[in-house]
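S.K.: Here it is, the structure, as structure tokens.
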Amino acid sequence: MKLLLLLVLVFSGCLADNLNNRLDCYIENDFKITEQQCKDRGCIWNIPHTGANGVPICYLDIKQVGYQMAGAVKKTDEGQEVDLQLKDTAKKTLKSMPSIESLKFTVKYMTENIVRFTIRDAKNKRYEVPVQQVFNLMDKVERDESKRRYSVDVRTDSKDFQFTITRKETKTKIFDTSIGGLVFADQFLQIATNLASKNVYGLGENVHQTLRHDLNYKNWPLFANGRPLTEGNFNEYGVHPFYTVLESDGKAHGVLFLNSNAMDYTFLPEPALSIKSMGGVLDFFVFLGDNPEHVIQLYTSVIGRSTLPPFWGLGYQLCRYGWKDTQSVKEVIDRNLKEKVPLDVMYVDIDYMDRFEDFTYDHGAFAGLPELFQSTMTNNNFHWTVILDPIIEANNPKYQSFIDGYKDDVFVKWSKSVAVKDRHNPADVPTDKDTYYGRMWPHGPAAFPDYFKNITDLWWRKQIKDFHAALPFDALWIDMNDPSNFDDKCPNNTLDYPPIRSDSLSNTKQLSWGSICMTTTHGQDEQYQHYDVHDLYALYEAISTQKAIHETTGKRGFVLSRTTYVSSGRYTGHWLGDNYATWPMIHHSVVGMLEFNMFGVNYVGSDICGFNDNTTPQLCRRWHQLGAFYPFARNHNEKSAIDQDPAVWVSRGHPEVTEAARNSLRLRYQLIHYLYTLFYRSQAFGDTVARPMHHEWPRDVVTHDIDTQFLWGRDVLISPFLFENQTEVKAYLPASERWYEVKPHLNLASHVGHVSIPDSQPNGPPPIHFRGGAIIPMVVDEELISTSQPSINTLNLVVVPSNDSQVVGRGELFWDDREGIDTIGGNKYNLYTMATYANCTMVITVDKTGYTGKVYPKISKVIVVNTGAQVDPVNATLDDKEVSAKHVNGNTEITLAYNMYPEYAGIVRMRRIIRSQ
């Protein structure tokens, strides 16, 4: 008997010492961390041993908290459902609000690879994210159980509610709630799951130190906020509650939590994940992929695919905050043209506005700005982007945009439940429509457009169209759309000051810190509280702005948004916000770029050289080398910092910065057709553009935590210099492939695996390798300065052979008019595929033939790399007609001068054959 008692005590002690799966009981703001308050909530108090950083000392008792099944699992036409009832012991988990007692768990089998589950209040309708109304596949149901690659199993051997989603093929548990911790109250929802491995990626927008998550009780908040990028666990601009897990066998899955309330996510070392939200419902989509890239394809098949930027939008872009007048803008343009820096897109920040009012420009300091737009468009083929902020000055009697907007009732309103005396209305604005006023850049108080209203959409689009008549821009940059507000005084209530503890809250525990009050309303019938739709504000602005660009210009253009949400990539690109000119930030930019590609926002990049503070020559040089290979490449900084455009460094005695930027951008422009084709694949199939290495080699454990290298698509590997005074790059070239150095000469890499690449070209592009088995279209002209130059259409097809004994290489080339609206959906494009075979044959096929323009690609040469120093002459034919061929520097070059004209494109299965002996 004594032995039995001893065993029980030892076993209990082991449970108490499990430090890897504790779900924090410290949920509410008024919780004082004491043993008594902990136990009053039915939680476990246990102080871990020294050195256990971040481990909760008061944590949920999974036997006490949660729900029980109130009946049997019921099969439905779309899946299954079960009623849930709150445990009596769980009623004391929260003190500030009661838990909801009756819930309903519902499962919908969407497709063979996608399953959705929800947990809702069984008796009362709650807010749900309206974005799902435009999601794809929402009406799909896979009723054939044999086709579904997953099973959803509710535990029936216990009344406690638990469920698992399992991959049938491997028995891997994709979502597993046996860890416990389900809480569902009006302002606090929590669900937790064990994770299939420690290789977890995604969730943001935060400044993550690494691409693969640190699982040591790391907590991160998600709630759109306008703070500059900061080292630390802070919420930033965008909200993407989507993560991926790489399973042990190389398969992968992704999970979307479709919720737009303020939330936190916490990783546990088990490994496990806890997700908490301040409202809405628990609504999850689970995507089972064959590999990580397949997961993103599945994810974007639901939320929508990333927008295709115009061809010129892949060129270099230049901006700064702080230009004083039109002349200062012109001087920057002139010096960069003089230094032959590739340049396609110019910006003007809020400096150009009159009183910082949208849809105006300063006719004094910026007199001649429309003429500068026109002259550079005509002479240099520039495209221009102007900034707009979602705030309209309200006390300028001459400001027509506010007058029209107020008349149409387009602005965000106070909830009628907020007393007039608590609204802090300015003295000189109209108040008869409950309009909410704040402050931002304009000189006076201002109102916020309510993009959830149809009338606001029409008003916004008209303002943009009218403004374009004065200033002929090509693209729009929408900033401060978190939305930011410099006057965030709000009445005391549980929406602006929720009783729930969250890292989304400011030091004053105000959720609306730096933004508009949570008690404001949106929508035709004021059906949405800002508390619920705050994270969606920028998305709805982007949708309206994209429509305005298309209607106003009749062309594709682009929208660039600071704040994003799930599905924003369909409408807008994104820059990674107000970073700092520091070395850690250059590395963070790689992590952020890769994460946003996972989020379906592929047109993304960071402010090259840094936005805040003064950059340095070394940092700006390295950042340009990296930034030339962001999908979206823009240099931008703030008004108090020094100029940092490429050409300015010549006058400062640092021409090496200018040279490095110019050389790196020239290589980007040589590869621009390859990049444009990746964006085609992104929109057509959901592929990422910038890609983590583990997406291509999921079974190679070395790649799982690499975030200092990245790929363009599957075939171009970039290994940049990211650290101060770095003299070599420690890179990884997977040994299962052949790798080819691109600079200084195309050549087979001498070593694979872990390699050290010396800085042999300090003023050239970063180390770049082509993956064997690719055919890369490269522009012949190595000194391009614009995407509009005719020579950009003359290409070499660079063949880098693989180890495959049959197919030596494959490639694609997408070709459209480069700025038409929806050329892919309208089948107004050509798609060329190229393949080389072991019998020295290349086949070029036109798989799509919808392009009807006048400019077609011209193939100058086929360059087969690393054929050796052959002495014998080489012969080649094109359609049985002899063409020039020779050995050059160990490669074989076959001259074609082959134009892909319309008569060729009209043949559906056109074959052009090159044979070399």
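FYI, the numbering for the sequence shown is -16 to -1, 1 to 901, going by mature numbering (1 follows the signal peptide of the UniProt record, and there is no 0). Every residue gets a Cβ at the ideal spot worked out from N, C-alpha and C, and that includes glycine.
1. Give the C-beta separation of residue 662 and residue 697 to the nearest angstrom, bearing in mind that I take them to be a contact with Cβ-Cβ under 8 Å.
2. Where in the region 634 to 717 do unbroken runs of the alpha helix (DSSP H), each at least 4 residues long, occur, reported from the N-terminal end onward?
3. Looking at the structure shown, is residue 347 part of a helix, part of a strand, or coil, going by DSSP?
4. Put residue 100 into one of helix, strand or coil per three-state DSSP.
5. Look at residue 27 and residue 44 and say whether their C-beta atoms are less than 8 Å apart.
6. My understanding is that residue 504 touches residue 399, with C-beta atoms under 8 Å, so please give their C-beta distance in whole angstroms.
7. Spell out a yes or no on whether the region 264 to 275 and the region 230 to 245 are touching, meaning 3 or more CB-CB pairs, one atom from each, closer than 8 Å.
8. Quickly, what does DSSP pair residue 870 with across the bridge? List them, please.
9. Would the region 104 to 116 and the region 71 to 88 be scored as touching if the rule is three or more Cβ pairs under 8 Å?
10. For the beta strand (DSSP E) containing residue 259, list its first residue and its last residue.
11. Less than 8 Å between the C-beta atoms of residue 496 and residue 523, yes or no?
12. Taking only the alpha-carbon atoms, compute the straight-line gap between residue 668 and residue 581 and give it to the nearest angstrom.
13. Cα separation between residue 857 and residue 715?
14. By DSSP's criteria, residue 527 is part of a beta bridge. Which residues make up the other side?
15. Can you tell me where the alpha helix (DSSP H) with residue 291 in it begins and where it stops?
16. Considering just the uninterrupted stretch of the beta strand (DSSP E) at residue 509, what are its terminal residues?
17. For residue 832, which residues in the same chain have their Cβ closer than 8 Å to its Cβ, ignoring the five residues on either side in sequence?
18. Could you say which of 751, 318, 42, 98 lies nearest to residue 62 if we only look at CA atoms?
19. Helix, strand or coil for residue 839? Go by DSSP, reduced to three states.
20. So, is residue 719 buried or exposed, given that buried needs 16 or more other C-beta atoms within 10 angstroms?
21. Quick check on residue 470: buried or exposed, where buried means 16 or more other Cβ atoms within 10 Å of its Cβ?
22. Leaving out the 5 sequence neighbours to the left and right, which residues in its chain are closer than 6 Å to residue 415 when beta-carbon positions are compared?
23. May I ask you to report which of helix, strand or coil DSSP gives residue 105?
24. Restricting to Cα atoms, I'd like to know which of 169, 180, 742, 193 is closest to residue 159.
25. With respect to the alpha helix (DSSP H) encompassing residue 51, which residues constitute its N-terminal and C-terminal limits?
26. Looking at residue 656: is its Cβ nearer than 8 Å to the Cβ of residue 324?
27. Can you check which of these residues, 304, 388, 424, 294, is closest to residue 804 by C-alpha distance?
28. Tell whether a beta-carbon distance below 8 Å holds between residue 749 and residue 648.
29. Can you look up residue 151 in the DSSP assignment and give me helix, strand or coil?
30. So which of 31, 12, 113, 65 has the shortest CA-CA distance to residue 516?
31. Determine the direct distance from the alpha carbon of residue 119 to that of residue 670, and round the result to whole angstroms.
32. Taking the beta strand (DSSP E) that residue 740 falls in, what are its first and last residues?
33. Let me check understanding here. Comparing Cα to Cα, which of 269, 425, 536 lies closest to residue 116?
34. Grouping DSSP H, G and I as helix and E and B as strand, with all else coil, what is residue 174?
35. What separation, rounded to the nearest whole angstrom, lies between the Cα atoms of residue 884 and residue 845?
36. Compare the C-alpha of residue 464 against each of 334, 228, 135, 151 and name the closest.
M.R.: Let me spell this out:
1. That belief holds up - the Cβ atoms of residue 662 and residue 697 are roughly 5 Å apart, short of 8 Å.
2. The qualifying runs are 639 to 654, 656 to 669.
3. Residue 347: coil per DSSP, three-state reduction.
4. Three-state DSSP puts residue 100 in a strand.
5. Less than 8 Å divides the Cβ of residue 27 from the Cβ of residue 44.
6. The C-beta distance from residue 504 to residue 399 rounds to 7 Å, short enough to fall under 8 Å.
7. The region 264 to 275, when compared against the region 230 to 245, does touch it at the 8 Å Cβ threshold.
8. Assignment of beta-bridge partners to residue 870 by DSSP yields 877.
9. With a cut-off of 8 Å, the region 71 to 88 and the region 104 to 116 count as touching, because enough Cβ pairs lie within range.
10. The continuous beta strand (DSSP E) containing residue 259 extends over residues 256 to 261.
11. Taking 8 Å as the cut-off, the beta carbon of residue 496 is found no closer than this to the beta carbon of residue 523.
12. Approximately 15 Å, taken between the alpha carbons.
13. Rounded to whole angstroms, residue 857 to residue 715 spans 38 Å at the Cα level.
14. In the DSSP assignment, residue 527 forms no beta bridge with any residue.
15. Here residue 291 belongs to no alpha helix (DSSP H), and DSSP marks it neither H nor E.
16. That residue, residue 509, is in no beta strand (DSSP E); it is neither H nor E in DSSP.
17. Cβ-Cβ distances below 8 Å link residue 832 to 811, 813, 814, 815 in the same chain, with the five nearest sequence neighbours on each side left out; the list follows chain order.
18. Each of 751, 318, 42, 98 was checked against the Cα of residue 62, and the nearest Cα belongs to 98.
19. In the structure shown, residue 839 sits in coil (DSSP, three-state: anything other than H, G, I, E or B).
20. Taking all protein chains in view, the Cβ of residue 719 is surrounded by fewer than 16 other Cβ atoms within 10 Å, so the residue is classified as exposed.
21. Under the 10 Å beta carbon count, residue 470 is surrounded by fewer than 16 other beta carbons and is classified as exposed.
22. In its chain, beyond the 5 residues on either side, 409 have a beta carbon closer than 6 Å to the beta carbon of residue 415.
23. In this structure, residue 105 counts as strand in the three-state DSSP scheme.
24. Distance from the Cα of residue 159 is smallest, within the candidate group 169, 180, 742, 193, for 180.
25. No alpha helix (DSSP H) holds residue 51; the beta strand (DSSP E) holding it covers 51 to 53.
26. Between residue 656 and residue 324, the C-beta gap is not smaller than 8 Å, which leaves the two residues out of contact.
27. For residue 804, the closest of 304, 388, 424, 294 by C-alpha to C-alpha distance is 294.
28. Contact: yes.
29. Residue 151 falls in the strand class under three-state DSSP.
30. Closest by alpha carbon: 113.
31. Taking the CA atoms as reference points, residue 670 sits about 14 Å from residue 119.
32. Start and end: 737 to 742.
33. Among 269, 425, 536, the Cα nearest to that of residue 116 belongs to 269.
34. Three-state result, residue 174: strand.
35. Distance between the alpha carbons of residue 884 and residue 845: 13 Å.
36. Of the listed residues, the one whose Cα sits closest to residue 464 is 334.
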